[in-house]
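Take a look at the structure below.
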Amino acid sequence: MIAIRKSWCIVALSALLACSTGTPYAQVAAQLPTLAPGYGRIMVYMTTNTEAPTFHPDIAIDGKQVGKIGSGTFFHMDVPVGLHQVGIFTDEHLAGFGNQGVTDPVSLEVMSGTTSYVQVGVLVTVGMVKVVLTPESTADAQRDLSNLYQVAPVPQ
Numbered sequence: 000m001i002a003i004r005k006s007w008c009i010v011a012l013s014a015l016l017a018c019s020t021g022t023p024y025a026q027v028a029a030q031l032p033t034l035a036p037g038y039g040r041i042m043v044y045m046t047t048n049t050e051a052p053t054f055h056p057d058i059a060i061d062g063k064q065v066g067k068i069g070s071g072t073f074f075h076m077d078v079p080v081g082l083h084q085v086g087i088f089t090d091e092h093l094a095g096f097g098n099q100g101v102t103d104p105v106s107l108e109v110m111s112g113t114t115s116y117v118q119v120g121v122l123v124t125v126g127m128v129k130v131v132l133t134p135e136s137t138a139d140a141q142r143d144l145s146n147l148y149q150v151a152p153v154p155q
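Numbering (numbering that gives the first Met the number 0), first residue to last: 0 to 155.
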């Protein structure tokens, strides 16, 4: 039993260290360009408080793959104003976890010059992993993002 606990601790620590290789949020936020007229920003993030820290779901905005998110990371995309859907890119079978449950996308009304936030969570049940997407308030997202690192979005 002790050996199993040590193994899980090593896996968890490795996952956390792997996630902290990007640029810290504070540095990214200070260098973000001003949004062009008619554009808003969508910030997608996953805290380290997740049930499957080594699972990195593919994120889609309006059905197009835009990035892979992992524990302790975030990325952003600038999008035209209007209604946008944030979801996951695929519901494929995942050998390490069994099946991936259906993830309901979230709809965001993106306004000019503003940032909308979506937190990604992962829940694990017997034989299944489920990604949960939650729109977040600016205050809660800023608090969460302060400890996260940027990952690059998928090139468009």
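We put the CB at the ideal spot given by N, CA and C, even for glycine.
Checklist entry - Is Gly62 buried or exposed, if buried means 16 or more other CB atoms sit within 10 Å of its CB? => result The residue labelled residue 62 in the question sits at position 63 within the sequence shown. Looking at its Cβ environment, which holds fewer than 16 other Cβ atoms inside 10 Å, Gly62 is exposed.
Checklist entry - By DSSP, does Leu93 sit in helix, in strand, or in coil? => result Here residue 93 is taken as the residue at index 94 of the sequence shown, counted from 1. Low per-residue confidence applies at Leu93: pLDDT is 47, beneath 50, and the placement is therefore not dependable enough to give any value.
Item to check | Cβ neighbour criterion (16 or more within 10 Å) applied to Met76 | outcome: If you number the sequence shown from 1, residue 76 lands on position 77. With 16 or more other Cβ atoms within 10 Å, it is buried.
Checklist entry - For Pro152 versus Gly66, is the C-beta spacing smaller than 8 Å? => result Taking the first residue of the sequence shown as 1, we reach residue 152 at position 153. Taking the first residue of the sequence shown as 1, we reach residue 66 at position 67. Yes, Cβ-Cβ distance for Pro152 and Gly66 is below 8 Å.
Next on the checklist: Less than 8 Å between C-beta atoms, sequence neighbours within five positions excluded: which residues of the same chain meet that for Gly37?
Outcome noted: Position 38 of the sequence shown holds residue 37. Pro79, Val80, Ser111, listed in sequence order.
Item to check | Cβ-based neighbour list, Ala140, same chain, cut-off 6 Å, excluding 5 preceding and 5 following | outcome: Position 141 of the sequence shown holds residue 140. Only Tyr116 meet the Cβ criterion.
Item to check | Buried versus exposed, by CB contacts within 10 Å (16 or more), Gln149 | outcome: For the purposes of this step, residue 149 is taken as residue 150 along the sequence shown, with counting starting at 1. Burial call: buried.
Checklist entry - Taking the alpha-carbon positions, what's the Asp103 to Phe54 distance? => result Translated into the one-based positions of the sequence shown, residue 103 becomes position 104. Translated into the one-based positions of the sequence shown, residue 54 becomes position 55. Near 18 Å, if we compare the C-alpha coordinates of Phe54 and Asp103.
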